[in-house]
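Under my numbering, think of the first position of the sequence shown as 3, with each following residue one higher.
Report on the following structure.
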Amino acid sequence: MSTAILTGQPVPGSSIEADLRSLGFDIRTATDAADAETLLAAVPADQRVAVVDTRFVGHTHALRLGLTDPRFPLAAVPGAVTAQPAGRQALTRAVARENSTSGGTALAVDSLADRIVTALDADGGEVHRPELGSLVAVVPADPQARNEARQAVGAVDDEAVRLKSAVKARDGFFTTFCISPYSRYLARWCARRGLTPNQVTTASLITALIAAGCAATGTRGGYVAAGLLLLLSFVLDCTDGQLARYSLQYSTLGAWLDATFDRAKEYAYYAGLALGAARGGDDVWALALGAMVLQTCRHVVDFSFNEANHDATANTSPTAALSGKLDSVGWTVWVRRMIVLPIGERWAMIAVLTAATTPRITFYALLVGCAFAATYTTAGRVLRSLTRKARRTDRAAQALADLADSGPLAGLLVRFLPGVARPTAALSAAAGAVMVTLGAWLWGPSWWVVLMAGAYVLLSAEAVARPLEGALDWLVPPVFRAAEYGMVLILAAKADVNGALPAAFGLVAAVAYHHYDTVYRIRGNAGAPPAWLVRAVGGQEGRTLLVAVLAAALTARQFTVALTVLAVAIALVVIAESIRFWVAAHRAGAPSVHDEGEPA
Numbered sequence: 003m004s005t006a007i008l009t010g011q012p013v014p015g016s017s018i019e020a021d022l023r024s025l026g027f028d029i030r031t032a033t034d035a036a037d038a039e040t041l042l043a044a045v046p047a048d049q050r051v052a053v054v055d056t057r058f059v060g061h062t063h064a065l066r067l068g069l070t071d072p073r074f075p076l077a078a079v080p081g082a083v084t085a086q087p088a089g090r091q092a093l094t095r096a097v098a099r100e101n102s103t104s105g106g107t108a109l110a111v112d113s114l115a116d117r118i119v120t121a122l123d124a125d126g127g128e129v130h131r132p133e134l135g136s137l138v139a140v141v142p143a144d145p146q147a148r149n150e151a152r153q154a155v156g157a158v159d160d161e162a163v164r165l166k167s168a169v170k171a172r173d174g175f176f177t178t179f180c181i182s183p184y185s186r187y188l189a190r191w192c193a194r195r196g197l198t199p200n201q202v203t204t205a206s207l208i209t210a211l212i213a214a215g216c217a218a219t220g221t222r223g224g225y226v227a228a229g230l231l232l233l234l235s236f237v238l239d240c241t242d243g244q245l246a247r248y249s250l251q252y253s254t255l256g257a258w259l260d261a262t263f264d265r266a267k268e269y270a271y272y273a274g275l276a277l278g279a280a281r282g283g284d285d286v287w288a289l290a291l292g293a294m295v296l297q298t299c300r301h302v303v304d305f306s307f308n309e310a311n312h313d314a315t316a317n318t319s320p321t322a323a324l325s326g327k328l329d330s331v332g333w334t335v336w337v338r339r340m341i342v343l344p345i346g347e348r349w350a351m352i353a354v355l356t357a358a359t360t361p362r363i364t365f366y367a368l369l370v371g372c373a374f375a376a377t378y379t380t381a382g383r384v385l386r387s388l389t390r391k392a393r394r395t396d397r398a399a400q401a402l403a404d405l406a407d408s409g410p411l412a413g414l415l416v417r418f419l420p421g422v423a424r425p426t427a428a429l430s431a432a433a434g435a436v437m438v439t440l441g442a443w444l445w446g447p448s449w450w451v452v453l454m455a456g457a458y459v460l461l462s463a464e465a466v467a468r469p470l471e472g473a474l475d476w477l478v479p480p481v482f483r484a485a486e487y488g489m490v491l492i493l494a495a496k497a498d499v500n501g502a503l504p505a506a507f508g509l510v511a512a513v514a515y516h517h518y519d520t521v522y523r524i525r526g527n528a529g530a531p532p533a534w535l536v537r538a539v540g541g542q543e544g545r546t547l548l549v550a551v552l553a554a555a556l557t558a559r560q561f562t563v564a565l566t567v568l569a570v571a572i573a574l575v576v577i578a579e580s581i582r583f584w585v586a587a588h589r590a591g592a593p594s595v596h597d598e599g600e601p602a
């Protein structure tokens, strides 16, 4: 239960008490600042508390946005301020200051809630003020102003604004025009029946897994059903986020489930298509694994670039300025959003091609589309990095180091490398990646590849020996991903034995989960995974060397078994630790982080 402390002179006919109760608040009334301080002290420390002026006039949804969003310790709208447990201390200090300033006199004219917000700002508190748009939230000074405010409330449809704000502000063309126009109403339907975003997220995952199972049948009917179910899964995927925004049901666990299940759904569907093709006598496991590798590397490019420039200073460039000018030309915005093949366009293409063609054609189209999108986005970001004069922060450099996933081998070698700063991190990483993947392509499972993998370990250590603060150092993590995943793909294909590529698919999926989990922890300001976990799974350079040794030392069938065992072992360790961490964070009430940027 949350508690709202009403302050100021009561207004006949006001709906403020009913509005607050509808939002889950228990009502207390204060006669003056001293009484408000006393009531605030009586509220349990683990509860949300709000201070609201009784003269408030506005939409219920304006109060909902200002007083119930779980993502912010402190938040306010005109005439109301709220604090979660993490912000209670700051709120208590501000109320005590206002009580001391006013001398405990009755609150007749000005708003205690607004004075508290001013005090919080003066103390350096980060008070969230939601964008209200056309929603009304005011404290009228006289009866005439009150009547005008009430008329303004009546002129705006609260529910229409709430439905519109449920849709992500920045989304892809397919999602914006083909899904969101009706999925928002599905989100409202779910909210009115008490369904949670996590339940809808789980339903989306189950639907996608059933779609993968249909694709695995290898029949035309199965492919058609798979395509339809994949689209339904995407509708539910949009609905869960819209439900969270519509009802402000944000949570740490929900943010993690939403992000993790998106990857699980897509990659499980790739596996289903590969199984279905195999039933028809067509082996497309290499294409399925290639699509997963390419898509994961694309995501790491996005994550690394964004983290590198998250809080950089002087972060401007001519390329960014050109992009800003193009944003003023409406049609170019949608074209640029579509050609990067975001999740909506990508899943729509996969669904249609699955139903109408074959898995091989589906994967060919997916690989071509993702390769073009990766080239476009990476080239643009390289140009921005070369032309901007940004100063990278220590936090950004640490985030890139965490994303690099360097293990004990690199850590040991770094101790022996010279301590002179060198702007060659991205070059070293790229040179090592070319050596190990080209070696695997030329020689297949052999000790020559082990030699190349050893050189890769050395170059990987050299790349991370100094803080990743160079203009192009954000390329280091995606290059490492391409090297590790690409080598596994090539060696499994060169093994030329049944089961090697599916085993490699499982291994890359397990390692990719670990890398995605690292990203979500960094985004949630929780830091990198624990050091013991990175050591336990070997780090990216350790796994690369291990796979090269296994390929050279074992027969093709033994290598397949080894890949399977390695995949299962890594999956068990990283998934168990991930679940433990996120459940603990959820129980601790950690603030959630929901991505409102570019779709994945």
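For every residue, glycine included, the Cβ atom is placed at its ideal position computed from N, Cα and C.
Treat the numbers as computed from the prediction; the structure is a model and nothing was measured.
Own chain, CB closer than 8 Å to residue i, minus 5 neighbours either side, in chain order
i	result
residue 174	339, 340, 344, 345, 346, 347, 601
residue 432	477, 481
residue 79	60, 64, 65, 67, 68, 69, 131, 132, 134, 139
residue 396	469
residue 107	Bear in mind that the predicted position of residue 107 carries a pLDDT of just 49, short of 50, making it unreliable; the figure below should be weighed with that in mind. The answer, listed in chain order, is 34, 35.
residue 366	289
residue 461	430, 431, 433, 434, 437
Residue i, DSSP secondary structure in three states
i	result
residue 16	coil
residue 110	Summary for residue 110: the model assigns pLDDT 46, below 50, so the residue's position carries little reliability; its value from the coordinates is reported in the next sentence. DSSP places residue 110 in coil when its eight states are reduced to three.
residue 50	coil
residue 4	strand
residue 218	coil
residue 60	strand
residue 189	helix
residue 139	strand
residue 384	helix
residue 200	helix
residue 410	helix
residue 585	helix
residue 475	helix
residue 170	coil
Minimum C-alpha distance to residue i - residue among the options
i	options	result
residue 29	7, 500, 385	7
residue 32	24, 12, 83	12
residue 193	179, 243, 219, 178	243
residue 483	393, 9, 297	297
residue 337	460, 176, 169	176
residue 603	419, 274, 127, 285	Since the first and last residues shown for the chain are 3 and 602, residue 603 lies out of range.
residue 387	460, 47, 472	472
residue 448	426, 409, 489, 429	489
Residue i - partner residues in DSSP beta bridges
i	result
residue 462	Answer is none; residue 462 lacks a bridge partner.
residue 84	52, 77
residue 29	6
residue 130	77
Sequence-distant residues of its chain with Cβ nearer than 7 Å to residue i (five each side left out)
i	result
residue 110	Caution is warranted here: a pLDDT of 46 is assigned to residue 110, below 50, making its placement in the model unreliable, and the coordinate value is therefore given only provisionally. Correct list, in chain order: 11.
residue 404	520, 524, 530
residue 287	276, 503, 504, 507
residue 577	515
residue 312	398
residue 266	207
Own chain residues within Cβ distance below 6 Å of residue i, not counting five before or after
i	result
residue 67	132
residue 75	86, 88, 89
residue 221	none
residue 233	353
residue 223	none
residue 241	185, 188, 189, 202
residue 401	309, 524
Any non-hydrogen atom of the ligand GDP within 7 Å of residue i CB
i	result
residue 275	Ligands displayed in this structure: none; no statement on the ligand GDP is therefore possible.
Cutoff 8 Å: residue i Cβ touching any chain C Cβ
i	result
residue 217	The structure shown has no chain C; it contains just one protein chain.
(message) Pairs of beta-carbons, one from the segment 462 to 474 and one from the segment 439 to 453, closer than 8 Å: are there three or more?
(response) no
(request) Determine, using beta-carbon pairs with one atom in the segment 428 to 447 and one in the segment 564 to 575, whether at least three such pairs fall under 8 Å. (result) no
(message) When you compare the segment 31 to 50 with the segment 127 to 142, are there three or more beta-carbon pairs, one atom per stretch, that lie closer than 8 Å?
(response) Because the criterion of three Cβ pairs below 8 Å is not met, the segment 31 to 50 and the segment 127 to 142 do not touch.
(message) Tell me whether the segment 506 to 526 and the segment 285 to 292 touch, counting them as touching only if at least three CB pairs, one residue from each stretch, are closer than 8 Å.
(response) yes
(message) With a threshold of 8 Å, are at least 3 pairs of Cβ atoms found where one atom belongs to the segment 227 to 235 and the other to the segment 348 to 361?
(response) By the Cβ test, the segment 227 to 235 is in contact with the segment 348 to 361, since at least three Cβ pairs between them sit closer than 8 Å.
(request) Determine, using beta-carbon pairs with one atom in the segment 514 to 523 and one in the segment 573 to 591, whether at least three such pairs fall under 8 Å. (result) yes
(request) Spell out a yes or no on whether the segment 375 to 382 and the segment 246 to 262 are touching, meaning 3 or more CB-CB pairs, one atom from each, closer than 8 Å. (result) no
(request) Inspect the CB distances between the segment 80 to 88 and the segment 156 to 164 and report whether three or more fall short of 8 Å. (result) The segment 80 to 88 is not in contact with the segment 156 to 164.
(message) Is it the case that the segment 277 to 287 contacts the segment 191 to 203, given that we only count it when at least three CB pairs across the two stretches are under 8 Å?
(response) no
(request) Count the C-beta pairs between the segment 489 to 499 and the segment 545 to 563 that are closer than 8 Å, then say yes if the count reaches three, no if not. (result) yes
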